[in-house]
Amino acid sequence: MRVHMRHFITKPSLHQDWNQKQADRRVTWSELFSDLLYVVVSMNISTLLVSNPTGAGFGQFMLYWFIFWLIWQQQQLFESRIRLEGLVFEFLRLFQLLAILAMVIHSASISYYPRFAGAFCVVKLAALVLNVLAAVTVPRARASCLLVALGAL
Numbered sequence: 001m002r003v004h005m006r007h008f009i010t011k012p013s014l015h016q017d018w019n020q021k022q023a024d025r026r027v028t029w030s031e032l033f034s035d036l037l038y039v040v041v042s043m044n045i046s047t048l049l050v051s052n053p054t055g056a057g058f059g060q061f062m063l064y065w066f067i068f069w070l071i072w073q074q075q076q077l078f079e080s081r082i083r084l085e086g087l088v089f090e091f092l093r094l095f096q097l098l099a100i101l102a103m104v105i106h107s108a109s110i111s112y113y114p115r116f117a118g119a120f121c122v123v124k125l126a127a128l129v130l131n132v133l134a135a136v137t138v139p140r141a142r143a144s145c146l147l148v149a150l151g152a153l
């Protein structure tokens, strides 16, 4: 039973810590899928700019671009520092990716902004949970994870 529970949830750790031999970091499927979502984001929000080439259309484009860039930056900072293994963390990542997918789908038109905002709140909630879990279990990452978690509020 204990062996199976270890695969269900494992304690997060740093990818690299002081006085440790540097290990190669592998790219996960969730990271590849996440990057693919951001390619689709670029296509979606660029069509917003093409369909409305005014100052307001450019402002809308920049707002969406900035929101997605912040989410991407937060994801990359977390995944490059913290190693998460186990089914619980994979579920949280999947939950976050599905919410990003919902944001991508609802970024096609400004008329979908309530759904876009709801999906954005779900993405930030998942980031908050992941960062708080890492802050509680990895003392060396506590300060940066709590700072990012506060930014998720």
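UniProt numbering puts the first residue of the sequence shown at 1, with every later residue one more than the last. Even for Gly, the Cβ is constructed at its ideal location relative to N, Cα and C. As the structure is a computational prediction, the values presented were derived from the model and not from experiment.
With a 10 Å radius around its C-beta and 16 neighbouring C-beta atoms as the bar for buried, classify residue i as buried or exposed.
i    : result
A143 : exposed
N19  : exposed
L147 : exposed
M1   : Bear in mind that a pLDDT of 46 at M1, under 50, signals an unreliable position, so the model cannot answer this.
V41  : buried
A135 : buried
F66  : exposed
A141 : buried
M62  : exposed
Q76  : exposed
K21  : exposed
L32  : exposed
According to DSSP, residue i sits in a beta bridge with which residue or residues?
i           : result
residue 157 : Since the first residue of the chain shown is 1 and the last is 153, residue 157 is not available in this structure.
Hey, would you say residue i sits closer than 7 angstroms to residue j, going by beta carbons?
i           : j    : result
A102        : A119 : yes
residue 200 : V122 : Since the first and last residues shown for the chain are 1 and 153, residue 200 lies out of range.
V138        : P53  : no
L70         : Q60  : no
T10         : G86  : yes
Our contact map puts residue i next to residue j with C-beta atoms below 8 angstroms; I'd like the distance itself, whole angstroms only.
i    : j    : result
S34  : L97  : 6 angstroms
H106 : R115 : 4 angstroms
V104 : L37  : 6 angstroms
F78  : N131 : 7 angstroms
I82  : L14  : 7 angstroms
Quick check on the DSSP output: what are the complete alpha helix (DSSP H) runs of length 4 or more inside the segment 53 to 137, in order along the chain? 55 to 81, 87 to 105 and 113 to 137
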